[in-house]
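Asker:
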Amino acid sequence: MSRRAGQLAEQQAVAYLQQQGLRFVASNVHSRFGELDIIMRDGGYWVCIEVKARASNQFGHPAETVTAAKLAKMTVTFEHFLIARGHNPNHTPIRFDVVTFNNNSLQWFKNIAG
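Counted the way our numbering counts, the sequence shown spans residues 1 to 114.
#1: Hey, Thr100 and Ala53 are a contact pair by Cβ (cut 8 Å); roughly how many whole angstroms apart?
#2: Using 8 Å as the threshold, is the C-beta distance between Pro89 and Gly44 below it?
#3: Asn28 by DSSP, collapsed to three states: which one?
#4: Given that a residue counts as buried once 16 or more other Cβ atoms are within 10 Å of its Cβ, and exposed if not, what is Glu10?
#5: Whose CA, out of Arg41, Gln20 and Glu50, lies closest to the CA of Asp97?
#6: What residues in its chain sit with their C-beta under 7 Å from that of Ile83, if we drop five residues either side in the sequence?
#7: Can you say whether Glu35 is buried or exposed, counting buried as having 16 or more other CB atoms within 10 angstroms of its CB?
#8: Near Leu106, which residues of its chain fall below 8 Å by C-beta distance, leaving aside the five closest residues on each side in sequence?
#9: Give the DSSP-derived three-state secondary structure of Ile112 in the structure shown.
#10: Just how far apart, CA to CA, sit Arg3 and Ile38?
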């Protein structure tokens, strides 16, 4: 996926999630531990959202690319993001979601780590 296509997918994901009631916080958060696509709030939860897009299922569903190793990197990066904003990750409700685009069809997978 090109950088432009990735940005477009992330923008579409934010718009969709805002329609579902989530509040945008940040996007493309970088640290020495990794990168987070989108951070939003859903009620009391801080939500880290990974966006994946593919033109076909030839190499599997886009959500399958979020491996345990990827989730571990996201967790460390998200914890540091929260700490930098004065939140204790051990006492802050968090959730990891994935938004996929497959053949232009959007799917939202909530709480992939739960």
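Cβ coordinates follow ideal geometry from the N, Cα and C atoms, glycine included.
Remember, predicted model here, so these are calculated numbers, not experimental data.
Answerer: Once the coordinates are examined:
#1: In the sequence shown, counting from the first residue as 1, residue 100 sits at position 100. In the sequence shown, counting from the first residue as 1, residue 53 sits at position 53. Indeed, because the Cβ distance is near 7 Å, the residues count as touching under 8 Å.
#2: Counting from one through the sequence shown, the residue named residue 89 turns up at place 89. Counting from one through the sequence shown, the residue named residue 44 turns up at place 44. Contact flag unset, no.
#3: Here residue 28 is taken as the residue at index 28 of the sequence shown, counted from 1. In the structure shown, Asn28 sits in a strand (DSSP, three-state: E or B).
#4: As a first step, residue 10 is located in the sequence shown; it is residue number 10 there, counting from the start. Per the 10 Å Cβ criterion, buried.
#5: One-based indexing of the sequence shown puts residue 97 at position 97. Taking only the C-alpha atoms, the option nearest Asp97 is Glu50.
#6: Position 83 of the sequence shown, counting from 1, holds the residue named residue 83. Closer than 7 Å at Cβ, skipping near neighbours: Pro89.
#7: Counting from 1 along the sequence shown, the entry for residue 35 is found at position 35. Flag for Glu35 reads exposed.
#8: Along the sequence shown, read from residue 1 onward, the residue named residue 106 stands at position 106. Answer for Leu106: Gln12, Ala13, Tyr16, Val99 and Thr100, listed in chain order.
#9: Counting from 1 along the sequence shown, the entry for residue 112 is found at position 112. Ile112: coil per DSSP, three-state reduction.
#10: Within the sequence shown, the letter at position 3 stands for residue 3. Within the sequence shown, the letter at position 38 stands for residue 38. Going by the C-alpha atoms only, they are around 15 Å apart.
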